[in-house]
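Going letter by letter, the sequence shown gives residues 1 to 303 in UniProt numbering.
Working notes for the structure below.
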Amino acid sequence: MATLTRQDLNFGQVVADILCEFLEVAIHLILYVREVYPSGIFQKRKKYNVPVQMSCHPELNQYIQDTLQCVKPLIEKNEAEKVVVVIMDKEHHPVERFVFEISQPPLLSISSDSLLSHVEQLLRAVILKISVCDAVLDSNPPGCTFTVLVYTRESATRNMEKVQVIKDFPWIVADEQEVLMQEPRLIPLKTMTSDIVKVYLSTQMIFILTTSTESPASAMRLYDTYVIYSVLLKLISLVRCKACNTAEYEINGECCPMCAPGHVVLKHCDRDSGTQCKVCTGSTYTDEPNGLTACLTCTVCDE
């Protein structure tokens, strides 16, 4: 069995592609499971051969994609230690953190036909664990938002300060308020180990009704050995239309087209009626629910 180096397989790029695709699915699913955004903006898709919930909100999707586009070069160079999804309350205090710890082996001892054979199965296990994590987590307060942190090596920090991967999408040093959690509870969720990458997923949460005599400076500090960067999150208004009470949601303060035709709104897919999927024939979609142009994505085969 041959031992392959990173250069032989462009190892960093392979890992970065796999992990960024996985992190995109994981972030969408976390936002759905932890109810950071209304369930109406998510659609059922199929990833890693299991059903997942993915956002159909264009601005939110673009934010997540831009974030991972900036993280990808760090993963490719093995300069990213952790990627953390932080859920914050209305006062922007972290109440929950999903921590993806990333490590890569220096050498590969695998045959070419087994390189990716088990990766999908392992990633599927992590996704399934996220899908049911609410069973072991407390409910978050209403009105939460989220941000993404990446823990980097010091050399990567200097490079990020000089070069921005995406113009007008700057990374900044995270505020202490975004990082510190007083008396956190650590819940390991899943460890995924393969020949090309190891991912350890855990969540950290706090008890909302907690008392502590410690000051923020003396409270427990987590992962303070790395420089932390954060993306500024554009707030998105997603509320049910107050005028017609349809399934559509307002975007940036605009009402749904039932009340104000011409406004750009979310598409709504009615999965219980409509035309049978031409690919898998296992589910249905609808062309025009409530007179609106709808998403034509099959809920099973993602076609």
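Heads up, the beta-carbon is just placed ideally off N, CA and C, and yes, glycines get one too.
Quantities reported herein were computed from a predicted structural model and do not represent experimental measurements.
Query	Result
Going by beta-carbon coordinates alone, are F98 and V119 separated by less than 7 Å?	no
Kindly indicate which three-state DSSP category V99 falls into: helix, strand or coil?	strand
Could you tell me how far apart the beta carbons of I87 and V36 are, in whole angstroms, since I believe they sit closer than 8 Å?	6 Å
Going by alpha carbons, who is nearest to G12 out of E59, V148 and I102?	I102
Assuming the contact rule is C-beta atoms closer than 8 Å, E24 and I64 should be a hit. Round their C-beta distance to whole Å, please.	6 Å
Taking just the CA atoms, how far does N140 sit from T67?	24 Å
Flag this pair as yes or no: are the beta carbons of H92 and S55 separated by less than 7 Å?	no
Might you give, ordered along the chain, the residues of its own chain that have their beta carbon closer than 7 Å to the beta carbon of N61, omitting 5 neighbours on each side?	S55
Tell me the DSSP bridge mates of S55?	F42
In terms of alpha-carbon separation, which member of Q121, A16, Q53 and F42 lies closest to K72?	A16
Residue range of the alpha helix (DSSP H) that A80 falls in?	No alpha helix (DSSP H) contains A80, which is instead part of the beta strand (DSSP E) from A80 to M88.
Reducing DSSP to helix, strand and coil, say where K129 ends up.	helix
For Y37, name the three-state secondary structure that DSSP assigns.	coil
Any idea if A26 is buried or exposed, counting beta-carbon neighbours within 10 angstroms, 16 or more meaning buried?	buried
Output the distance between the C-alpha atoms of V136 and V52, rounded to the nearest integer angstrom.	19 Å
What's the C-alpha gap between K46 and P94?	30 Å
What residues in its chain sit with their C-beta under 6 Å from that of F42, if we drop five residues either side in the sequence?	Y32, Q53 and S55
Mapping DSSP to helix, strand and coil, what is V148?	strand
What residues in its chain sit with their C-beta under 6 Å from that of I18, if we drop five residues either side in the sequence?	none
Are G143 and K90 close, meaning C-beta to C-beta below 7 Å?	yes
Answer with buried or exposed for E250, where buried requires no fewer than 16 other C-beta atoms within 10 angstroms of its C-beta.	Any reading at E250 is ruled out, since the residue's pLDDT is 38, under 50, leaving its predicted position unreliable.
Would you kindly work out how many angstroms separate the C-alpha atoms of V83 and R124, rounded to a whole number?	18 Å
Taking the C-alpha atoms as reference points, what is the distance between L149 and L74?	13 Å
Tell me the DSSP secondary structure of residue 306 in three-state form.	The question about residue 306 has no answer, for the chain in this structure spans 1 to 303.
Excluding five sequence neighbours on each side, which residues of the same chain lie with their C-beta closer than 8 Å to the C-beta of N49?	E120 and R124
Tell me the DSSP secondary structure of P73 in three-state form.	helix
Do you know offhand how far I30's Cα is from S39's?	12 Å
Whole angstroms are fine: how far does the CA of L128 sit from the CA of E96?	19 Å
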